[in-house]
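Engineer: Using the numbering used here, you'd call the opening residue of the sequence shown number 353 and step up by one each time.
We put the beta carbon where it would ideally sit given N, CA and C, even for glycine.
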Amino acid sequence: MEFRELVLRRYSCRKFQNLPVDREKIIQCIESARVSPSACNAQPWKFLIVDEPEFVQEVAETASSGVYSLSKFIKTAPVLIFVLADKGSFLSRAGSLVRNTRFYLIDIGIVCEHIVLQAAELGLGTCYVGWFNEKAVKEFLNISKNTEIPLIICMGYPDDSYKSKDPIRKRADSGGRKHIDDILVFNKYK
353 MEFRELVLRR YSCRKFQNLP VDREKIIQCI ESARVSPSAC NAQPWKFLIV
403 DEPEFVQEVA ETASSGVYSL SKFIKTAPVL IFVLADKGSF LSRAGSLVRN
453 TRFYLIDIGI VCEHIVLQAA ELGLGTCYVG WFNEKAVKEF LNISKNTEIP
503 LIICMGYPDD SYKSKDPIRK RADSGGRKHI DDILVFNKYK
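1. In whole angstroms, what is the alpha-carbon distance linking residue 588 and residue 535?
2. Assuming residue 405 is part of the alpha helix (DSSP H), what are its boundary residues?
3. Please list the terminal residues of the continuous alpha helix (DSSP H) segment that includes residue 492.
4. What's the call for residue 477, buried or exposed, on a 16-neighbour Cβ count within 10 Å?
5. Here's the rule I'm using: 16 or more other beta-carbon atoms within 10 Å means buried, otherwise exposed. How should residue 404 be labelled?
6. Relative to the C-alpha of residue 454, which candidate in 479, 394, 537, 365 has its C-alpha closest?
7. Can you find at least 3 beta carbon pairs, one from the region 490-509 and one from the region 367-376, that sit closer than 8 Å?
8. Could you give the distance in angstroms between the alpha-carbon of residue 481 and the alpha-carbon of residue 500?
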């Protein structure tokens with residue numbers, strides 16, 4: 353598959369088929385993530401995979417509780433990947449202070465894109481979820497208060513019948529992408 357075809361295939365899947373995902377495919381996605389670049393090679397990530405159906409439901413209920421109920425679609429995913437972040441190495445933290453940039457979060461974005469693109473190549477759907485009850489999830493999963501969970505990645509086989517009904521997807525497919533002239537300049541900022 354050509355890269356352009358891959359990036360066009362990948363979308364934020366918000367409904368999944370009730371089918372388990374083979375752990376070999378999950379591991380292949382994490383292996384693609386493992387080789388991702390990071391500031392000062394800090395690799396400030398770990399991944400907690402939840403794929404046991406009953407446990408997925410319990411943690412998804414916790415994550416989408418209260419004001420976070422807009423993320424209740426995660427209950428349909430057979431796999432939840434909790435992206436755990438530390439603040440990075442001493443050098444990347446020092447650079448973050450000087451530049452006022454949290455490089456570890458840039459690294460997390462890169463590593464997560466490796467995961468979702470690998471998943472798309474394997475025929476899996478994914479969705480980044482940043483709107484969830486992090487405090488409750490940390491308590492439920494016994495994760496240290498010092499560890500951040502910037503994202504959850506939902507993963508599974510897409511329920512393609514929902515794609516055309518998803519209101520968020522409809523907006524994205526209706527020309528919602530900016531024209532290249534709106535995002536690209538050469539040599540000087542207009």
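Structural biologist: Reading off the structure:
1. The chain is shown from 353 up to 542; residue 588 falls before or after that span and cannot be answered.
2. That run of the alpha helix (DSSP H) goes 405-415.
3. Where residue 492 is concerned, the enclosing alpha helix (DSSP H) stretches over 486-493.
4. Its Cβ being crowded by 16 or more others within 10 Å, residue 477 is buried.
5. Answer is exposed; the Cβ neighbour count stays below 16.
6. Looking at the Cα atoms, 394 is the closest of the given residues.
7. Contact check between the region 490-509 and the region 367-376: three or more CB pairs, one atom from each, fall below 8 Å, which counts as touching.
8. Taken atom to atom, the span from the alpha-carbon of residue 481 to that of residue 500 is near 14 Å.
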